[in-house]
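>
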């Protein structure tokens with residue numbers, strides 16, 4: 080068996096070549112808290128850090144107690160850290176509105192139905208928003224607070240889907256492009272312009288996708304809780320990430336209970352035993368190949384900048400439970 084790796088995320092802070100860090104897992108396991116905490120620690124050793132939420136149910140604003148939107152904004156009270164929340168649906172709508180004359184409502188409806196029907200289009204627009212921010216801002220590292228597992232895997236695999244979608248769009252453009260242009264009177268910003276813009280995204284998307292597969296530039300941090308479904312989904316995610324050639328070598332196990340040895344709480348003790356069973360399974364599966372960070376169940380929510388800063392210390396300094 081390989082030697083046990085340090086149970087912290089210090090290795091991520093030390094790897095100065097990293098530009099893309101994904102934090103993901105099943106819903107409700109603490110992805111946002113972990114991604115915010117990791118971004119806070121990175122901001123101490125990097126010049127410009129960007130935290131991006133690609134989850135439609137955004138939580139960054141709630142976590143920091145500060146409103147974020149589709150543009151990167153500095154996080155109050157933390158130097159070198161900015162955050163943004165992507166709205167893929169809004170991005171699609173904005174693209175459609177720009178591609179149509181305001182007076183041509185019928186044409187807008189047709190293109191809207193077309194855009195929303197393309198498989199993976201929301202992941203594509205999220206990716207597009209990311210590349211746009213990266214081109215306009217010179218961030219050293221970008222941390223992704225991702226959507227639950229299924230959405231995240233689609234986000235990471237969408238270049239393949241996008242290639243298929245472009246083939247379909249090219250077919251539609253060839254068949255109906257002249258007719259649509261005729262209906263719009265050949266105006267600028269018509270279907271041909273929209274199709275051309277989507278085609279131009281291909282090179283940028285492929286470039287970023289190549290970087291995602293470079294372990295010197297990209298890594299993925301899995302977050303889970305010690306329960307069967309979460310452990311099962313973590314294993315599925317690691318296998319999927321490996322098939323996409325995306326590096327993953329860190330696991331955060333969240334919400335661990337540590338009742339005192341003389342505790343009379345039967346429910347606490349029973350849950351502790353159940354959790355330890357899955358902690359042992361995680362060790363059997365990943366110890367020696369992964370940095371396994373164990374975080375406790377807290378008695379209060381992690382909300383606000385100061386609370387996140389305090390919690391973030393446990394990512395680099397192993398939590399030592401006290402069980403008298």
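Residue numbers (the working numbering): 80 to 403.
The beta-carbon is built from N, C-alpha and C at its ideal position, and this holds for glycine as well.
Just so it is clear, the structure is predicted and the values come from calculations on it, not from any experiment.
1) How far does the alpha helix (DSSP H) with residue 347 in it extend, from its first residue to its last?
2) On a CA-only basis, which of 155, 364, 298 and 355 is nearest residue 383? Give me that one, please.
3) Quick one: is residue 308 buried, meaning 16 or more other Cβ sit within 10 Å of its Cβ, or exposed?
4) State the Cα-Cα distance for the pair residue 343 and residue 233, rounded to the nearest angstrom.
5) Quick one: give me the first and last residue of the beta strand (DSSP E) that residue 334 is part of.
6) Starting from residue 319, trace the alpha helix (DSSP H) in both directions and tell me its first and last residue.
7) Looking at the structure shown, is residue 181 part of a helix, part of a strand, or coil, going by DSSP?
8) Quick one: does the C-beta of residue 393 sit closer than 8 Å to a heavy atom of the ligand MN?
9) Taking 9 Å as the cut-off, decide whether the C-beta atoms of residue 394 and residue 98 are in contact.
10) Check for me: the beta strand (DSSP E) holding residue 384 runs from which residue to which?
11) Could you compute how far the alpha carbon of residue 121 sits from the alpha carbon of residue 113?
12) What does DSSP give as the partner residues of residue 224 in its beta bridges?
13) Please look up how many angstroms separate the CB atoms of residue 226 and residue 133, rounded, as I've assumed it's under 8 Å.
14) Assuming residue 119 is part of the alpha helix (DSSP H), what are its boundary residues?
15) Compute the distance between the beta-carbons of residue 302 and residue 333, then report whether it is under 9 Å.
16) What is the residue span of the beta strand (DSSP E) that residue 299 lies within?
17) Using C-beta distances below 7 Å, list every residue in its chain close to residue 182, excluding the 5 sequence neighbours before and after it, in chain order.
18) Rounding to the nearest angstrom, what Cα-Cα distance links residue 400 and residue 378 in this structure?
19) Does DSSP put residue 186 in a helix, a strand or coil?
20) Mind checking residue 403: buried by the 16 CB within 10 Å criterion, or exposed?
21) What first and last residue would you give for the beta strand (DSSP E) that runs through residue 371?
22) Give me the Cβ distance between residue 88 and residue 329, rounded to the nearest whole Å; I'm assuming they're in contact under 8 Å.
23) With a threshold of 8 Å on Cβ separation, who are the neighbours of residue 292 within its own chain once the five nearest residues in sequence on each side are excluded?
24) Quick one: is residue 151 buried, meaning 16 or more other Cβ sit within 10 Å of its Cβ, or exposed?
25) Determine, using beta carbons only, whether residue 374 and residue 354 come nearer to each other than 9 Å.
26) Skipping 5 residues on each side, what residues in its chain have a beta carbon closer than 8 Å to that of residue 387?
27) Find the nearest neighbour of residue 164 within the set 352, 137, 396 and 129, judged by alpha-carbon distance.
28) Around the C-beta of residue 365, are 16 or more other C-beta atoms found within 10 angstroms, so that it is buried, or is it exposed?
29) Who are the Cβ neighbours of residue 235 in its own chain at under 6 Å, not counting the five residues just before and after it?
Straight from the coordinates:
1) 345 to 365
2) 155
3) exposed
4) 46 Å
5) Start and end: 327 to 335.
6) Run containing residue 319: 307 to 322, per the alpha helix (DSSP H) assignment.
7) With a pLDDT of 47 at residue 181, under the threshold of 50, the predicted position of this residue should be treated as unreliable, though the coordinate-derived value follows. DSSP places residue 181 in coil when its eight states are reduced to three.
8) Ligands displayed in this structure: none; no statement on the ligand MN is therefore possible.
9) The answer is no: Cβ separation not under 9 Å.
10) Careful: residue 384 lies outside any beta strand (DSSP E), inside the alpha helix (DSSP H) at 384 to 391.
11) 12 Å
12) 102 and 132
13) 6 Å
14) 110 to 121
15) yes
16) 297 to 303
17) Residue placement at residue 182 is flagged as unreliable, the pLDDT there being 46, under the threshold of 50; the coordinate-derived value follows with that caveat. There are no such residues.
18) 14 Å
19) Unreliable placement is indicated for residue 186, whose pLDDT of 49 sits below 50; the coordinate value is still reported in the next sentence. Residue 186: helix per DSSP, three-state reduction.
20) Any answer about residue 403 is weak, because its pLDDT of 48 lies below 50 and its placement is not dependable; what the coordinates show is given next. Residue 403 should be labelled exposed.
21) Start and end: 370 to 375.
22) 6 Å
23) 323, 324 and 325
24) buried
25) no
26) 112, 115, 116, 119, 142, 143 and 381
27) 137
28) That one is buried.
29) Counting only residues of its own chain and dropping the five nearest sequence neighbours on each side, residue 235 has a CB closer than 6 Å to the CB of 323.
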